[in-house]
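Asker:
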Amino acid sequence: MAKLCKAGIQLREQIDDAFPDRSRVSPEGWLGDKRHAARPSDHNPLPDSGIVRAYDFNADLGSSRHEAFDLADQLRLLARSDKRISYIIFNYKIASYKRNYKWRPYKGLNPHKGHIHISFTAKGDTDGSMFQIPLLTGEPINGASKSNRRKLGKILSRSSVSNLPSGWLGSGSNCKCRCSCGNSGGTSLPQ
Ligand SMILES: [Zn+2]
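Taking my numbering, I'd label the letters of the sequence shown as residues 2 to 192.
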């Protein structure tokens, strides 16, 4: 049975805690549908373990749209040292190990304006430790932008919405992007 990698579960929990009013509807999700299965995608369960190494976070975090940019940027910086993050795609840009997680243009058909795609490495299969970025923990990170400092010291509750059902990617998606994120169709939420 398909399951989200531990790093993905942990990151979702931290983002839920930090942004309790955020949207979790489509394009939020992690499990690829049959159309994903026909091509390589981190949203497809690995054949042996069933683990899925990708998550799409809805970019509507509940307040300012700037927060999605801050979140994507802090995850990008963290990826230089936290080897559980493979690559990030958001708003026409991708960051991966290739240029030490500098943003570079993303030319996939789906520009990822409505969601932040995170791919995880094999290390994330079993490592569910905290992601240490200011927006999610209140801890500083080298290179974080000034605008993020207002988030420092924010007290996070770890209770809130962890019991919500996991989303999967919409079967109506017609997205053909590299990460194969579902981004335009309906989303079914298994109960
Ligand atoms: Zn995706």
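Just so you know, even glycine gets a beta-carbon here, dropped at the ideal spot from N, CA and C.
Since the structure is predicted, the reported quantities are computational estimates derived from the model, not experimental observations.
So the beta strand (DSSP E) phenylalanine 58 belongs to, where does it begin and stop?
Answerer: Where phenylalanine 58 is concerned, the enclosing beta strand (DSSP E) stretches over 55-59.
Asker: Return the CA-CA distance between leucine 137 and lysine 94, expressed in angstroms with no decimal places.
Answerer: Roughly 22 Å separates the two Cα atoms.
Asker: Would you mind reading off the limits of the beta strand (DSSP E) that contains isoleucine 89?
Answerer: 86-91 is the extent of the beta strand (DSSP E) around isoleucine 89.
Asker: What runs of the beta strand (DSSP E), each 3 residues or longer, lie entirely inside the region 107-133?
Answerer: 116-121, all fully within the region 107-133.
Asker: For a test of the three-state rule: what should DSSP assign to glycine 51, helix, strand or coil?
Answerer: It is coil, neither helix nor strand.
Asker: With three or more beta-carbon pairs closer than 8 Å as the criterion, would you say the region 30-39 touches the region 102-112?
Answerer: Result no; under three Cβ-Cβ pairs closer than 8 Å.
Asker: For glycine 30, which of helix, strand or coil comes out of DSSP?
Answerer: In this structure, glycine 30 counts as strand in the three-state DSSP scheme.
Asker: When the Cα of glycine 129 is compared with those of Gly9, Asn101 and Met2, which residue comes out closest?
Answerer: Closest option to glycine 129, Cα to Cα, is Gly9.
Asker: Given isoleucine 119, which residues of its chain have a CB within under 6 Å of its CB, disregarding the five upstream and five downstream residues?
Answerer: Within the same chain, isoleucine 119 has close Cβ partners Tyr56 and Ile89.
Asker: Run the CB neighbour count on tyrosine 98, radius 10 Å, all protein chains shown included, and call it buried at 16 or more, exposed below.
Answerer: Looking at its Cβ environment, which holds fewer than 16 other Cβ atoms inside 10 Å, tyrosine 98 is exposed.
Asker: Where do the N-terminal and C-terminal ends of the alpha helix (DSSP H) with alanine 38 fall, by residue?
Answerer: Here the alpha helix (DSSP H) through alanine 38 covers 35-38.
Asker: Consult DSSP for arginine 100 and reduce its assignment to one of helix, strand or coil.
Answerer: Correct three-state label for arginine 100: helix.
Asker: On a CA-only basis, which of Ser24, Asp49 and Glu14 is nearest serine 65? Give me that one, please.
Answerer: The option with the nearest alpha carbon to serine 65 is Ser24.
Asker: For leucine 5, which of helix, strand or coil comes out of DSSP?
Answerer: Correct three-state label for leucine 5: strand.
Asker: Classify glycine 87 as buried or exposed, calling it buried when 16 or more other Cβ atoms lie within 10 Å of its own Cβ.
Answerer: It should be noted that the sequence gives serine, not glycine, for residue 87. Looking at its Cβ environment, which holds 16 or more other Cβ atoms inside 10 Å, serine 87 is buried.
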